[in-house]
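>
Residue numbers (the numbering used here): 101 to 475.
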């Protein structure tokens, strides 16, 4: 099977995406014919040494640029497109921005290509923290108090509204970012104002959420294997701060996207574990039930569980969360690939035969003539 591994992009998380893509290239090469497709600002290109980090440092020559067309990959030679490879499935390793918010998913829909991700609607909901909280709450799942506001709202007005609606301490985030980029926990109104200024650098929508002072962050994931939903084990990422920063998630862990330290299974009660696994499956199915989704939760000091957010293209594709179930990286990601291909084969677009155009043509020709001419 030919699998195009798509990664990179133009979002703030492109470096994280490169690492996820490299992991996939190195881990899946024995199982599939992998075609690394790096998304640059100029377009797609297929790097020669995709599994080596030096390939992505600086601005290397994009000599093997490829493009998707007609459900295949082509390269440009002498001003014409020449087929580069057939593509059976696209493995999406694109975090943030157009790679995770539904834009790329919609593109592959138009190409008729299977891809390992939820669809355009589920991707858009998962990427937008305001939309996802509205959806979670509508499903009866518990979410922390929050307020979303446009980045153009005057800072003083935004700070006052956030403090009134959420209380202190609170957390300020860009509404459509990930990897903790632009995130700050604030204990005073002055800190909220500073955090709003930072968040505005990354998004035009800002969200303020209740910041828990005594809590455990717990993650859980889902995938589909042989037509059945598989829920992973739970994990608790470890951090000395009250949230995991970008540096702690990636830079201090040597690029291991599962985080620098974690407890797996998470050290929470049996009741909370059961609820988190059930809610993870509920969110997974609500967003489309495809690919691998990681759902992040907060468990407060009283044992209350809150859904925090859903990652529709998680770092490392969250494959490590399935290892306690006896699934290797290739097993977990391979299941997502096989499911995407199987779904596409079974997909059947609805058909409806309508005589509308024929009748419209006849009506026009009979009723809309002046001087023997159709108008």
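Backbone N, C-alpha and C define an ideal beta-carbon position, used for all residues, glycine too. Predicted model only: the values in this text are computed from it and were never measured.
1) Can we say the region 367-374 touches the region 182-201, given the rule of at least three CB pairs closer than 8 Å?
2) Which two residues bound the contiguous beta strand (DSSP E) that contains residue 95?
3) Can you tell me whether residue 347 is buried or exposed, with buried defined as 16 or more other CB within 10 angstroms of its CB?
4) Rounded to the nearest angstrom, what separates residue 296 and residue 174 at their Cα positions?
5) Between the alpha carbons of residue 303 and residue 252, how many angstroms are there, rounded?
6) Could you check whether residue 318 and residue 366 sit closer than 8 Å to each other, using their CB atoms as the reference points?
7) Quick one: residues in its chain with C-beta nearer than 7 Å to the C-beta of residue 183, no 5 flanking neighbours on either side, listed in chain order?
8) Suppose you measure from the CA of residue 386 to the CA of residue 331; what does that come to, to the nearest Å?
9) Please classify residue 308: is it buried, with 16 or more other beta-carbons within 10 angstroms of its beta-carbon, or exposed?
10) Should the region 425-436 be called in touch with the region 120-135, which here means at least 3 C-beta pairs below 8 Å?
11) From 122, 123, 425 and 446, pick the residue whose C-alpha is nearest to that of residue 321; which is it?
12) When burial is assigned at 16 or more other CB atoms within 10 Å of the CB, is residue 114 buried or exposed?
13) By Cβ distance, which residues of its chain are closer than 6 Å to residue 168, with the 5 residues on each side in sequence left out?
14) Can you tell me whether residue 275 is buried or exposed, with buried defined as 16 or more other CB within 10 angstroms of its CB?
15) Relative to the C-alpha of residue 220, which candidate in 316, 143 and 391 has its C-alpha closest?
16) Leaving out the 5 sequence neighbours to the left and right, which residues in its chain are closer than 8 Å to residue 256 when beta-carbon positions are compared?
17) Going by DSSP, what residues sit across from residue 411 in a beta bridge?
18) Within the continuous beta strand (DSSP E) that includes residue 201, where are the two ends?
19) Would you mind reading off the limits of the alpha helix (DSSP H) that contains residue 385?
20) Thinking just about the alpha-carbon of each residue, which of 206, 407 and 139 is nearest to the one in residue 378?
21) Hey, would you say residue 380 sits closer than 8 Å to residue 399, going by beta carbons?
With the structure as the only source:
1) They do not touch, by the three-pair rule.
2) Past the edges of the chain, shown from 101 to 475, lies residue 95, and the structure says nothing about it.
3) Your numbering for residue 347 matches position 247 in the chain shown. Low confidence applies to residue 347: its pLDDT is 48, below 50, so where it sits in the model is not reliable, and the reading given next is rough at best. Exposed is the call here.
4) Counting from one through the chain shown, the residue named residue 296 turns up at place 196. Counting from one through the chain shown, the residue named residue 174 turns up at place 74. Each residue's Cα considered, the two are about 44 Å apart.
5) Locating residue 303 in the chain shown gives position 203, where the first residue counts as 1. Locating residue 252 in the chain shown gives position 152, where the first residue counts as 1. Rounded to whole angstroms, residue 303 to residue 252 spans 11 Å at the Cα level.
6) The residue you call residue 366 lines up with position 266 of the chain shown. The residue you call residue 318 lines up with position 218 of the chain shown. Yes, Cβ-Cβ distance for residue 366 and residue 318 is below 8 Å.
7) For the purposes of this step, residue 183 is identified with residue 83 of the chain shown, where counting begins at 1. 172 and 174.
8) Position 286 of the chain shown, counting from 1, holds the residue named residue 386. Position 231 of the chain shown, counting from 1, holds the residue named residue 331. The alpha-carbon atoms of residue 386 and residue 331 are separated by roughly 14 Å.
9) The sequence position of residue 308 within the chain shown is 208, counting from 1. Its Cβ being crowded by 16 or more others within 10 Å, residue 308 is buried.
10) yes
11) As a first step, residue 321 must be located in the chain shown, where it is residue number 221. For residue 321, the closest of 122, 123, 425 and 446 by C-alpha to C-alpha distance is 425.
12) Against the chain shown, residue 114 aligns to sequence position 14. Looking at its Cβ environment, which holds 16 or more other Cβ atoms inside 10 Å, residue 114 is buried.
13) Your numbering for residue 168 matches position 68 in the chain shown. Cβ within range, chain order: 211.
14) Counting from one through the chain shown, the residue named residue 275 turns up at place 175. Residue 275 is buried by the Cβ-count criterion.
15) Here residue 220 refers to the residue found at position 120 when the chain shown is read from its first residue. Nearest C-alpha to residue 220: 391.
16) Stepping through the chain shown from its first residue, residue 256 is reached at position 156. Same-chain partners within the cutoff: 293.
17) The residue given as residue 411 occupies position 311 in the chain shown. Beta-bridge partners of residue 411 (DSSP): 394.
18) The count along the chain shown starts at 1 and reaches residue 201 at position 101. Note, residue 201: premise wrong, no beta strand (DSSP E); not H, not E.
19) In the chain shown, the residue the question calls residue 385 occupies position 285. Where residue 385 is concerned, the enclosing alpha helix (DSSP H) starts and stops at 370-386.
20) Position 278 of the chain shown, counting from 1, holds the residue named residue 378. Answer by Cα proximity: 407.
21) Mapped onto the chain shown, residue 380 falls at position 280. Mapped onto the chain shown, residue 399 falls at position 299. No; because the gap between Cβ atoms is not below 8 Å, this pair is not in contact.
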